[in-house]
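Trainee: With this note's numbering applied, the sequence shown has no gaps in its numbers, which climb one by one up to 821 at the end.
Cβ coordinates follow ideal geometry from the N, Cα and C atoms, glycine included.
Attaching a single structure in structure tokens format; questions to follow.
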Amino acid sequence: SFLLLCQYSCLPWKFQGFSADECYFSSPELVIPLKVTGWGRNAKVPGWLSYSLRFGGQRHIAHMKVKKFLVSRPLPVFTYTDQRSLHQDQPFVPDDCYYHGYVEGVPNSLVALSTCSGGFRGILQINDLAYEIEPVRFSKTFEHWVYRLDVDDTQFPRMRCGLTEEEIARQLELQELHNFTLTQSSYTGWWTHLRLLELVVIVDNLRFVHSGSNVSVVQNDIANVVNIINSLYHPLELDVTLTGLEIWTEGNQIATVTMDKMLEDFAIWKFFNLDNRLPHDAAHLFIKKSFGMQLGLSYVAGVCQYPLNCGTDVFEDESLYDFGLIVTHELGHNLGMLHDTQFCVCELQYCIMFPSRTVTSKFSNCSYGEFWDNVMRNGFCLYSAPDPERIIRIKYCGNLAVEEGEECDCGTIAQCTRDPCCLPDCTLKPGAACAFGSCCRKCKVSSAGTLCRKQINECDLPEWCNGTSHQCPEDVYVQDGVPCSDGAYCYKKRCADRDGQCREIFGRDARSASQRCYEEVNTQGDRFGHCGVSDTVYIKCAVADILCGRVQCANVGVIPNLKEHSTVHQFHVNDTTCWGTDYHMGMSIPDIGQVRDGTRCGQKKICVHSRCVSMVREPQACQPETCHMKGVCNNKQECHCNPGWAPPYFGDAIQPSHSLSSTSPPVAKVLEFQL
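Here you go:
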């Protein structure tokens, strides 16, 4: 499996109420935040609060607003009884005390604070300097302690990740990120779409005991950490939402011996105990135990891919910002980000995915590229809209989400100054017709026929702008069952065949092995040949299903450079050599060796979930003749016009159009499967 093991080093330090060793915090400053009213441009925008604070030798004005989508409602909190049975509670979650914002006059600034427990608690980032703030206990004059976080190299050894540059280069080569550009200087100004990551947090027993065995304290700390994480991911237009919390109140559910073994055990525990109980895009285990220099570990590009959508993070002390950066870094690996190299830059000296511990609030150009590449390929779960009944929704202008009554939303005033189409009051600028969407160019709706979503393979279909909407039409693909290359069938946007799968694994000369290979290997019921797994036991393939188990290849001349922990298997059958691969739960990539659904396995039969099933056609509302042979039927049983043709009779050549329905509605599914 492709793990990123982050190793850190710092002299031990402990504190209560922010009294800390010299290792990490400067001497405290006593500050009394003063509310600013009717001041500056922000007075024109509702929903903003402004406070004046003097620290670091000068006065700073912090502008902030309530953050939405931070905690689900109700928030399921799971604990354990003294009999170790699972108990669920849904405690009250405040919905108006988490804030984010910026410091006046400092473009590279960040504010992430909460007032849930009285006073301000959180972080203020000003260029390369970061400060933590916490209220003074029992103060009657709104006093706060402010500490500057210090990562000077002379104070302690720099924290390094255990992954070498050579290994990173090898993994980059394996991932074949064709669209990844290291030399890109900046991703500033990218037009993006708001996405949501649903995060579940598990807190280990030592951390629970460290928090006084108080569930409310743990809940408050985790919400504050998620507030920081959310603020750091805000520039990527990714909302990180806490959708569940589990606290191991009666002892840990897995052993915590080594970091890498713990992550693998956590993934397995999660698969059997959490994945079906609490849906999530990513789950992280927060642990109190120290692993020396190791403070974090996660699966790369594991987001949305159960059970690899997880990580572990050491929450040893009390610094919310320090720990928030650790989780943000590890979550970045889940989202497909690698460590920054010399080609990676951001507006600050160091960036979040820099391999050494540092103070920062920015992702590098490399991280942006890796993030978007992974989201486009594997981040399907991040597109899902939040359940309106579960998510705290606080609608306001300036949250980068276009809501009812808004024409656009460019975010903060500072962000709006760089937006050519949208005003800070969430209306379009004079002369602008749109401000976002893949069919919006230079504040104008793209003309009909403008390509807005490319065709990725022969079973996919391109989409074009319709000339009236700023959004690209729905993503559609060729209807299931349409023949494609090498005698295969289109199925769920893919033309799957065993020869092509062998070429992907073993190179262009490889091909699918003989049926004898499939029969000999896939009836073994081991990690190299099986038709699925049930309760960690490999299932032997029935003779009828042997072509739907593990793919077996022949004519292999080169051993591929596969991911770590992958194994190539060679098996001799008479005069034939069969080649295959294994797969186990610790892998951080999809299973390349499993025969794909939709692969042909006989006359009018295809593989579905490792079974060879009959493909029975029913009457279809859309046929090639329906489209007058000038289009193709898509998965919605509508005619998808070829470039240059228009419905309904396809007699006039025009610019390309998006898919258009026939006059008859769909009457049946394209395919049904019979066992």
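1. Touching or not, the segment 284 to 295 and the segment 396 to 405, by the rule of three or more beta carbon pairs under 8 Å?
2. Pair every Cβ in the segment 431 to 441 with every Cβ in the segment 347 to 364, then say whether three or more of these pairs are closer than 8 Å.
3. Report the option in Asn701, Val257, Tyr684 whose CA atom is closest to the CA atom of Tyr729.
4. Is it right to say Glu462 is buried, meaning 16 or more other beta carbons lie within 10 angstroms of its own, or is it exposed?
5. Would you report the Cα separation of Tyr452 and Phe417, rounded to the nearest angstrom?
6. Could you give the DSSP three-state label for Arg219: helix, strand or coil?
7. DSSP three-state label for Asp565, please.
8. Where does Met499 fall in DSSP's three states?
9. If you draw a straight line from the alpha carbon of Ser331 to that of Asn520, how long is it in whole angstroms?
10. Could you tell me which residues DSSP pairs with Cys753 in its beta bridges?
11. With DSSP as the reference, please indicate the residues paired to Ile393 in a beta bridge.
12. Kindly list the residues whose CB is nearer than 7 Å to the CB of Cys475, restricted to its own chain and excluding five residues on each side of it in sequence; keep chain order.
13. Kindly list the residues whose CB is nearer than 7 Å to the CB of Asp411, restricted to its own chain and excluding five residues on each side of it in sequence; keep chain order.
14. Flag this pair as yes or no: are the beta carbons of Trp394 and Tyr226 separated by less than 8 Å?
15. Give me the DSSP bridge partner(s) of His206.
16. Looking at Val212 and Tyr248, is the spacing between their C-beta atoms short of 8 Å?
17. Measure the CB-CB distance between Gly695 and Val741 and report whether it falls below 8 Å.
18. Please state whether the Cβ-Cβ distance between Asp743 and Cys753 is less than 8 Å.
19. Rounded to a whole number of angstroms, what is the C-alpha to C-alpha distance between Arg503 and Tyr496?
20. What do you get for Lys286, buried or exposed, if any count of 16 or more other CB atoms within 10 angstroms of its CB means buried?
21. Where does Asp632 fall in DSSP's three states?
22. Run through DSSP, which three-state label would Gly515 get?
23. Round the Cβ separation of Phe266 and Ile279 to the nearest angstrom and send it over; I've been treating them as touching at under 8 Å.
24. I'd like to check one pair, Val449 with Asp427: are the Cβ atoms closer than 8 Å?
25. What alpha helix (DSSP H) runs, 4 residues minimum, are completely inside the segment 660 to 733?
26. For Ala578, which residues of its own chain have a beta-carbon under 6 Å away from its beta-carbon, when the five flanking residues on both sides are left out?
27. Buried or exposed: Glu650, going by 16 or more other Cβ atoms within 10 Å of its Cβ?
28. Could you spell out the range, first to last residue, of the alpha helix (DSSP H) harbouring Ile472?
29. Thr458 and Met408: beta carbons closer than 8 Å?
30. Taking its Cβ as the centre, do 16 or more other Cβ atoms sit within 10 Å of Gly251, making it buried, or is it exposed?
31. Would you decide whether His755 is buried or exposed? Buried here means 16 or more other CB atoms lie within 10 Å of its CB.
32. Closest by CA to Asp645, which one among His616, Glu396, Gln661?
33. Looking at C-alpha atoms only, which residue of Glu464, Cys456, Val505 is the closest neighbour of Gly482?
34. Once the 5 residues before and after Leu232 are set aside, which same chain residues still bring their CB inside 7 Å of it?
35. Out of Asn373, Leu382, Pro425, state which residue places its alpha-carbon closest to the alpha-carbon of Glu392.
36. Buried or exposed: which applies to Glu609, given that a residue is buried once 16 or more other Cβ atoms fall within 10 Å of its Cβ?
Mentor: Taking the definition as stated:
1. no
2. Counting Cβ pairs under 8 Å, three or more are found: they touch.
3. Tyr684
4. Using a 10 angstroms sphere on the CB of Glu462, the tally of other CB atoms reaches 16 or more, which defines it as buried.
5. 7 Å
6. coil
7. Shown here, Asp565 sits in coil according to DSSP, grouped into three states, outside any helix or strand.
8. In this structure, Met499 counts as coil in the three-state DSSP scheme.
9. In this predicted model, Ser331 has a pLDDT of only 33, less than 50, meaning its place in the structure is not dependable enough to derive any value.
10. Cys758
11. Val349
12. The question names Cys, but residue 475 in the sequence shown is His. Excluding positions up to five away in sequence, the list reads Cys152, Gly442, Ile498, Met499.
13. Ile400, Ala401
14. yes
15. Per DSSP, Leu199.
16. No, they are not a contact pair.
17. yes
18. yes
19. The straight-line gap from Cα to Cα measures roughly 9 Å.
20. exposed
21. helix
22. helix
23. Their Cβ separation, rounded to whole angstroms, is 5 Å, which keeps Phe266 and Ile279 in contact under 8 Å.
24. yes
25. When DSSP assignments are scanned along the segment 660 to 733, the uninterrupted stretches of alpha helix (DSSP H) that are 4 or more residues long and fall wholly within it turn out to be 661 to 668.
26. Cys567, Cys589
27. With fewer than 16 other Cβ atoms from the protein chains shown falling within 10 Å of its own Cβ, Glu650 counts as exposed.
28. Here the alpha helix (DSSP H) through Ile472 covers 466 to 480.
29. yes
30. exposed
31. exposed
32. Gln661
33. Cys456
34. Taken in chain order, the residues that qualify are Phe224, Tyr226.
35. Of the listed residues, the one whose Cα sits closest to Glu392 is Pro425.
36. buried
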